[in-house]
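Working notes, beginning with the structure itself.
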Amino acid sequence: MNVNFFQRDSAINAANNPLYDNFLSGGESWLGLRYSYKGFTATLRADAFHNSNRYNPTQALNGWGLGAWQLSKTFNDLTITAGYIYDQIGSGIMFRAYEDRGLLIDNALVGLHLKYQLTDNIELKGFTGQSKFLFDQYKPVIKGFAAEGNFALGKEGQVYIVP
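Residue numbers (our numbering): 218 to 380.
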């Protein structure tokens with residue numbers, strides 16, 4: 218839960234908008250639930266915003282709803298996940314789905330994610346879906362595939378290469 222208090226101050230342009238002139242307070246709250254049973258894992262997150270300034274510092278954001286859900290199952294070396302997915306390829310330059318609630322960044326991919334552990338050092342993953350935007354999704358469908366590895370060089374494995 219996050220609570221904000223807005224104090225009007227025209228010297229820093231904190232005036233002449235509804236947050237500082239009328240509402241004076243606001244906040245955001247989240248409730249997350251996680252349940253595991255017989256190899257299945259289900260998560261659910263509810264989001265609520267009341268006069269929140271996270272999306273736009275001069276406008277109040279109000280609303281509540283299902284912020285994220287996910288159902289996952291692992292079969293030996295294969296993990297299948299459906300719902301709101303958080304992952305990235307490599308360092309995240311090509312694709313990154315992550316969240317930072319304090320900044321109201323929630324770039325989840327709403328779709329399907331497959332991850333296969335080929336060897337101890339190599340992982341394959343593929344995904345498809347739409348990017349999340351508050352309680353909706355953007356229209357374009359994103360698809361991706363990555364093969365990632367972790368290899369040690371040297372006798373003592375002091376240098377790692379992650380392509």
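Glycine residues also receive a C-beta, built at the ideal position from the N, C-alpha and C atoms.
With contacts defined as CB atoms closer than 8 Å, Asn221 and Asn293 fail to qualify as a contacting pair.
As computed with DSSP, Tyr252 is found in a beta bridge with Ala259. Linking Leu250 to Leu261 through their CA atoms gives a straight-line distance of about 5 Å. Non-local C-beta neighbours of Thr296 in its own chain, meaning closer than 6 Å and more than five positions away in sequence, comprise Lys332, ordered along the chain. Phe368 and Asn338 do touch by the CB rule: their CB atoms are close to 6 Å apart, below 8 Å.
DSSP places Ile310 in the coil class of the three-state scheme, outside both helix and strand. It is roughly 45 Å from the alpha-carbon of Gly300 to the alpha-carbon of Ala228. One Cα belongs to Gly284, the other to Ala363, and the distance between them is close to 27 Å. Counting of Cβ neighbours within 10 angstroms places Lys349 among the buried residues, the total reaching 16 or more.
The continuous beta strand (DSSP E) containing Phe362 extends over residues 359-366. By the criterion of a C-beta distance shorter than 6 Å, Ser246 is surrounded in its chain by Met218, Ala265, once the five residues flanking it on both sides are discounted. Positions of the beta strand (DSSP E) runs, each at least 3 residues long and wholly inside the stretch 291-352, are given as 295-302, 326-334, 339-350 in order along the chain. The beta carbon of Pro235 sits closer than 6 Å to those of Ala277, all from its chain and outside the five residues before and after it, given in chain order. Where Asn234 is concerned, there is no enclosing beta strand (DSSP E), because DSSP gives it neither an H nor an E. Here Gln224 is exposed, its C-beta having fewer than 16 other C-beta atoms within 10 Å.
Asp226 and Tyr272 have their C-alpha atoms roughly 20 Å apart.
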